[in-house]
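Take 1 as the starting number for the sequence shown in the UniProt record's numbering and just add one per residue. Backbone N, C-alpha and C fix where the C-beta goes; we use that ideal spot for every residue, glycine too. Reading through the structure tokens given below for one structure.
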Amino acid sequence: MVKSSRGRRTETRRATLQALYQWQITKQLPGDITFPDEWKFPPLDGDYLQELLREIPRCVEQLDIQLNPTLDRPMSQINFVERAILWIGAYELIFRPDIPWRVAVNEAVELAKAFGAEQSHKYINGVLDKVAANAGVSSTVTDNQNREGPQE
């Protein structure tokens, strides 16, 4: 059983990834997707799952606008799994300031390691680092800087 909220959030991101993947394939709204009983997810953060399944599809165009300048190819050429991971990571970076940017990027990288192509975690990391920098939530200058901006 997953006891910490961090563990629940990790599992919630996995479920979200699977729903967003299915959404891209079937065009069924993510909030309407049901998971087969045999998937047996550990306990999830239900409120956060509902938020992700509602908000990511609603703002996918906005996410793509933030992601596109950081990509080496059109979004349409990114495979479904990696696209869903990028959406989750970008959503957390842009719309969830309560989630530390390093956590958002690391969680996306871990999803890519588990579900993506062999080296996709490196691509996901690079893209989301750029999104974080563009959104002003990270610092590429020093590890001592945080979301409040540069230190003086």
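Restricted to the stretch 48-79, the alpha helix (DSSP H) segments that are unbroken, complete and at least 4 residues in length are 60-67, listed in chain order.
Out of 89, 73 and 126, the CA that lies nearest to the CA of residue 108 is found in 89.
Note that the stretch 48-59 touches the stretch 12-27; at least 3 beta-carbon pairs, one per stretch, sit closer than 8 Å. In the three-state reduction of the DSSP assignment, residue 105 falls in the helix class. For residue 99, the secondary structure class from DSSP, reduced to helix, strand or coil, is coil. Straight-line spacing of the CA atoms in residue 63 and residue 114 works out to 23 Å. In its chain, beyond the 5 residues on either side, 91 and 95 have a beta carbon closer than 8 Å to the beta carbon of residue 59. Contact between residue 101 and residue 137 holds, since their C-beta atoms are separated by about 4 Å, short of 8 Å.
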